[in-house]
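Q: Heads up, the sequence shown is in our numbering, so the first residue is 3 and it goes up one at a time.
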Amino acid sequence: MWDQLDHADEYILYPENFGADMSLDETCLSNGDVYTILTNKDAHGGKGALAAMVRGVASDTVSAILRKVPLRQRLKVKTVTTDLSSAMMLTVRNVFPGASLVNDRFHVQQLISEAVDQLRIRHRWEVLDAENKAIREHRQKRKEAKSKEERELIGQWEPERMENGETMPQIMARSRHIILKHKSKWN
């Protein structure tokens, strides 16, 4: 009989799968239950990858289960990769005192992308404000013209166009997804 059957509805624990490089994440199953999963990165998702699966994400609950593994074995863990969740980071600090905490690249890139997009949006508003000011000034200049000929010399307002024929507001509006790409991948 399986040695984890009596507690498998709350957690399963495979201390033999603990290694130097681990990953801690949460997942939501189809029935809505949330589980914290500890995996051995060296197994690359294959046999020996699952080290623990604990119902819930609360740091105290997850830590209590993971502390069932002897400290000597937990001290062999050198890195634990996790998302930016404070509960996950607290669990790593509580359970793996000798391990370095590594934030996963996806979440860091997501934060950087959001920050760059906020800057892009702010700059876009500055560009739109400058364009609106230029339009108002142009209209005022035409309004102050003393003759029809002078108004014709001033002409209709034309926005400044870049080398590709687009105006700066147009570029700022469509640059959301290309701004983080290498220049060679712009088209």
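Beta carbons: idealized from backbone N, C-alpha and C, even for Gly. Model, not experiment: these values are computed from the prediction.
Which residues mark the beginning and the end of the alpha helix (DSSP H) in which ALA66 is found?
A: 61-68
Q: Give every residue of the same chain whose Cβ lies closer than 7 Å to the Cβ of ALA147, excluding the five residues on either side of it in the sequence, and list them in chain order.
A: Result list for ALA147: ARG153 and ILE156, in chain order.
Q: What separation, rounded to the nearest whole angstrom, lies between the Cα atoms of ASP11 and ARG57?
A: 8 Å
Q: Would you say LEU208 and TYR16 are within 8 Å of each other, going by their C-beta atoms?
A: Residue numbering for the chain in the displayed model covers 3 to 189; residue 208 lies beyond these limits and cannot be assessed.
Q: Keeping to the same chain, check which residues put their C-beta closer than 7 Å to that of THR63; ignore five residues upstream and five downstream.
A: VAL56
Q: Counting Cβ pairs closer than 8 Å, one from the region 28-44 and one from the region 102-114, do we hit at least three?
A: no
Q: Look up MET55 in the DSSP assignment and say whether it is helix, strand or coil.
A: Three-state result, MET55: strand.
Q: With burial defined as no fewer than 16 other Cβ atoms inside 10 Å of the residue's Cβ, what is the status of VAL118: buried or exposed?
A: exposed
Q: Check whether the Cβ atoms of LEU26 and VAL94 sit closer than 8 Å, and answer yes or no.
A: yes
Q: Is the distance from the Cβ of THR83 to the Cβ of LYS43 below 8 Å?
A: yes
Q: How many Å lie between GLU128 and PRO171 at the Cα?
A: 9 Å
Q: Roughly how many angstroms lie between the CA atoms of GLU231 and LYS187, to the nearest whole one?
A: Residue 231 lies beyond the stretch modelled for the chain, which goes from 3 to 189, so this question has no answer here.
Q: Do LEU92 and SER61 have their C-beta atoms within less than 8 Å of each other?
A: yes
Q: Would MET164 be called buried (16 or more neighbouring beta carbons within 10 Å of its own) or exposed?
A: exposed
Q: Measuring alpha carbon to alpha carbon, tell me which of ALA54, ALA101 and MET24 ends up nearest GLN6.
A: ALA54
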